[in-house]
Amino acid sequence: MHKLDVVFFASLRESLGKEKVTIELDKVTSIEEIKQAVASLLDNPDPLFEEGIQASIDYNFARDSSKVDPESVKEVAFFPPVTGG
Amino acid sequence: MIKVQKADFDVASLYQALCDNNQTGAVAMFVGRVRDFGDKSNQTDSNKEETLFELEHYPGMTEHNLQQIVDEAHSRWDLHEVQVVHRVGELKVQDQIVFVGVSSSHRAEAFQACDFVMDYLKSRAAFWKKETQSGKSQWVCAKESDEKSLERWSN
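Chains as they are written, first to last, in this note's numbering: chain A, 1 to 85; chain B, 86 to 240.
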């Protein structure tokens, strides 16, 4: 098993009331499956499934179908659409 | 050069750094400023309060995103230098928030690359804005028009 840090930002962090959770993965897993695994650790996971929530794998924007290899990936993040500039 | 910082930036020094090349014939620069886009229609002089913004970012990812955008600009146009400075932390109306500067031999490349970097920064760099007015805070929503603007660069 490999530990994977999952971090949250902005409005999602606030509505989940958490900055980070750590999950354990034993095989290549999609972002969609990681979301389900994270949800099982949260009291109120609904905000994670709100429309527009985006994900990243080691700082690169990812899709729900993107794969996470627990041997090489260090961090997955979930956050709302970005609003810089 | 890419910088994500709390401190304000000096446009004159950034411009000087962009000019440090004998081949530079054009410099295009963009400065984004914090504007007050709250609804003031219900406010009188007595209850008018300053709008504050908090800029959050994802340390590591934000710089990575910006570097990818700058690298892409270099691959699309013949550029000498690209500089991006984006502020984070607490900001108020009229503060400078972002600087994008591009130097090249000719103006067309400089204008286009500056526009390109700003467009991608809006939709592909990990920053989030929170607005506070009269003690109430809310996260700024992303605009569909920003995402749509990226289509201009898809060919």
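From the three backbone atoms N, C-alpha and C, an ideal C-beta is built for every residue, glycine too.
Residue nearest to serine 11 of chain A in terms of C-alpha spacing, selected from B:Phe212, B:Leu99, B:Ser190 and B:Val167:
Comparing Cα positions, the closest option is B:Phe212.
Could you give the DSSP three-state label for leucine 16 of chain A: helix, strand or coil?
The answer is helix: DSSP assigns leucine 16 of chain A an H, G or I state.
Taking buried to mean at least 16 other C-beta atoms within 10 Å of its own C-beta, is histidine 165 of chain B buried or exposed?
It is buried - the Cβ of histidine 165 of chain B has at least 16 other Cβ atoms within 10 Å.
Exposure label - aspartate 105 of chain B; buried when at least 16 CB within 10 Å:
So aspartate 105 of chain B ends up on the exposed side.
Do glycine 85 of chain A and lysine 207 of chain B have their beta-carbon atoms positioned less than 7 Å apart in this structure?
Closer than 7 Å, so yes.
Please list the residues of the segment 136 to 151 of chain B that have a C-beta atom closer than 9 Å to any C-beta atom in chain A, keeping them in chain order.
Considering only beta carbons, the part of the segment 136 to 151 of chain B lying closer than 9 Å to chain A consists of Leu140, Glu141, His142, Tyr143, Gly145, Met146, Thr147, Glu148, His149 and Asn150, in chain order.
Roughly how many angstroms separate the alpha carbons of valine 183 of chain B and phenylalanine 115 of chain B, rounded to a whole number?
Whole-angstrom Cα-Cα distance: 8 Å.
With respect to the alpha helix (DSSP H) encompassing glutamate 166 of chain B, which residues constitute its N-terminal and C-terminal limits?
For glutamate 166 of chain B, no alpha helix (DSSP H) encloses it; the enclosing beta strand (DSSP E) starts and ends at 164 to 172.
Measuring straight from C-alpha to C-alpha, what distance separates serine 131 of chain B and threonine 217 of chain B?
Residue confidence for serine 131 of chain B is low, a pLDDT of 48 falling below 50, so the modelled location carries little weight; the figure read from the coordinates is stated next. Here the alpha carbons of threonine 217 of chain B and serine 131 of chain B stand approximately 18 Å from one another.
Taking only the alpha-carbon atoms, compute the straight-line gap between cysteine 199 of chain B and lysine 20 of chain A and give it to the nearest angstrom.
One alpha carbon belongs to cysteine 199 of chain B, the other to lysine 20 of chain A, and they sit about 35 Å apart.
Would you say alanine 158 of chain B reaches chain A, if we count a Cβ-Cβ gap shorter than 7 Å as a contact?
No, its Cβ sits nowhere closer than 7 Å to a Cβ of chain A.
Taking the Cβ atom as the reference point for each residue, do leucine 140 of chain B and valine 169 of chain B lie within a distance shorter than 7 Å?
Inclusion of leucine 140 of chain B and valine 169 of chain B in the CB contact set at 7 Å is not warranted, their separation being larger than that value.
Applying the 10 Å Cβ sphere with the 16-neighbour rule, what's the burial state of glycine 186 of chain B?
Per the 10 Å Cβ criterion, buried.
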